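In the working numbering, the protein residues as written are 1335 to 1771.
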Ligand code: SF4
Ligand code: SF4
């Protein structure tokens, strides 16, 4: 596979669709043993990857082969769950004569889609602290990213599930920059928005967005609308000041948060109860070692499933982690302990998690509409990826066509941005470019 294919991936602004938007041309510019397709889609209620794997399975396999060629990997593994039956049947059929590509069925647990968990499921190796899957010879790619690698065209759309308190949950192919509210209205969303909240992303790792007109980005996999008094909303909107007060008042140091932490179970020494203790005692010495904190992946299982006192150890651990990283904290690239021999029995089944989150009523299909959603105006964010903000190369009043380059980024971790509709540039500021059809 020629290197100019990688250059084209860069020019087309392809970034990881499943996480922080890591530029794909950087991720694939390496030597790896195995490329893993992350089809776990472990966040409850989201329905993107499971449908893409069934409908665009040929493209997915082409994208995987290209990633294997670019990295020199001799093995490709598509990881998904048995419950995605349609996808399993189709992918099995398409790969039955492929010696280098394997379909791997993983357990239906949370967070199966965490890169570190997936790499362990496939290779039996643990990615070291502060390390990357490449440290154990693996590259992990999201399903939608693999499909984009196969097409290698400017990124102009994002596939996104809209669900929760709407009449008809749906999965859309939406132009980048489409206001969330338009998708919500298309699903028959509530008219009394003041009684609801918008969660962007999955229920576990997603965040509360106060602007209903906020735009779809390259990494928006789903939005969930929930009543303002739903327990998930109440917890996610709780002020940090209150979380800290509650930590001091009621953390009983039962350490369930640590016992159930998936990263701790992998042997990474993640110990949220020690962080809580350090804060409760106002004594940083009782926080434990750096590895207790920096190994956290923000999965929030400790906060939304494990803690019997309704505390938020995941949030607190992450606050401490960000502050330590900002101060330049480093730790050895190692795996402090062996993987817990009870790992399989400690996996949290998705079904149980959905019940615990009180989301059973919202656990519905969200069929993919294969037509591109029509919108009259888009706000395309200049930062949709990890790294530096892109710089606009168009001016107010310019006419642009769909797929045209409108912002570039010279930084190696940057990513190009293209217009997602044809129209006229109405506004440009430091955050976005607004285009009207
Ligand atoms: S599970 Fe909750 S109460 Fe128990 S140690 Fe962790 S934060 Fe404290
Ligand atoms: S959020 Fe909690 S459970 Fe998840 S990795 Fe961090 S400490 Fe562990």
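Positions of the beta carbon are idealized from the N, C-alpha and C atoms, including for glycine.
Just so it is clear, the structure is predicted and the values come from calculations on it, not from any experiment.
Nearest-angstrom Cα distance between residue i and residue j?
i, j, result
"residue 1539", "residue 1377", "8 angstroms"
"residue 1684", "residue 1443", "5 angstroms"
"residue 1422", "residue 1597", "28 angstroms"
"residue 1431", "residue 1425", "11 angstroms"
"residue 1433", "residue 1417", "24 angstroms"
"residue 1509", "residue 1488", "12 angstroms"
"residue 1722", "residue 1356", "11 angstroms"
"residue 1483", "residue 1400", "8 angstroms"
"residue 1531", "residue 1584", "28 angstroms"
"residue 1700", "residue 1497", "7 angstroms"
"residue 1413", "residue 1627", "28 angstroms"
"residue 1339", "residue 1523", "42 angstroms"
"residue 1737", "residue 1486", "12 angstroms"
"residue 1393", "residue 1387", "9 angstroms"
"residue 1535", "residue 1730", "31 angstroms"
"residue 1362", "residue 1658", "29 angstroms"
"residue 1499", "residue 1527", "11 angstroms"
"residue 1746", "residue 1640", "40 angstroms"
"residue 1395", "residue 1420", "15 angstroms"
Can you list, in chain order, the residues of its chain with a C-beta nearer than 8 angstroms to that of residue i? Leave out the 5 residues immediately preceding and following it.
i, result
"residue 1649", "1574, 1577, 1634, 1637"
"residue 1724", "1716, 1717, 1741, 1742, 1743, 1748, 1749, 1750, 1751"
"residue 1566", "1533, 1537, 1560, 1638, 1691, 1692, 1693"
"residue 1625", "1463, 1602, 1603, 1604, 1665, 1670"
Near residue i, what residues of its chain come up, given a Cβ to Cβ distance below 6 angstroms and the 5 sequence neighbours on each side ignored?
i, result
"residue 1770", "1711, 1757, 1758, 1760"
"residue 1495", "1380, 1381, 1382, 1505, 1556, 1700"
"residue 1732", "1759"
Please return the same chain residues whose Cβ sits closer than 7 angstroms to the Cβ of residue i, not counting the five positions on each side in sequence.
i, result
"residue 1476", "1350, 1351, 1352, 1372"
"residue 1385", "1505, 1702"
"residue 1369", "1398, 1401, 1402, 1405, 1407, 1410, 1473, 1475"
Let me confirm a value: residue i is counted as buried when at least 16 other C-beta atoms fall within 10 Å, else exposed. Which label applies?
i, result
"residue 1629", "buried"
"residue 1491", "buried"
"residue 1619", "exposed"
"residue 1734", "buried"
"residue 1521", "buried"
"residue 1589", "buried"
"residue 1586", "exposed"
"residue 1445", "buried"
"residue 1375", "buried"
"residue 1753", "buried"
"residue 1642", "exposed"
"residue 1714", "buried"
Measuring only from the beta carbon, is residue i closer than 8 angstroms to any heavy atom that is part of ligand 4?
i, result
"residue 1514", "Judged by which ligands are present, ligand 4 is missing from the structure shown, whose ligands are ligand 1 and ligand 2."
Is residue i near ligand 2, with its Cβ less than 8 angstroms from a heavy atom?
i, result
"residue 1604", "yes"
"residue 1647", "yes"
"residue 1635", "yes"
"residue 1563", "no"
"residue 1594", "yes"
"residue 1632", "yes"
"residue 1497", "no"
Contact check, residue i vs residue j under 8 angstroms by CB: the rounded distance?
i, j, result
"residue 1366", "residue 1468", "6 angstroms"
"residue 1441", "residue 1661", "At roughly 38 angstroms, the Cβ-Cβ gap does not stay under 8 angstroms, so residue 1441 and residue 1661 are not in contact."
"residue 1688", "residue 1728", "Their Cβ separation, rounded to whole angstroms, is 44 angstroms, which puts residue 1688 and residue 1728 out of contact at 8 angstroms."
"residue 1550", "residue 1511", "6 angstroms"
"residue 1599", "residue 1677", "5 angstroms"
"residue 1289", "residue 1614", "Since the displayed the chain opens at 1335 and closes at 1771, residue 1289 lies outside it and no answer follows."
Got a sec: is the Cβ-Cβ distance from residue i to anything in chain C below 9 angstroms?
i, result
"residue 1390", "The displayed structure is made up of one protein chain only, and chain C is not part of it."
Is any heavy atom of ligand 1 found at a distance shorter than 8 angstroms from the C-beta of residue i?
i, result
"residue 1590", "yes"
"residue 1718", "no"
"residue 1599", "no"
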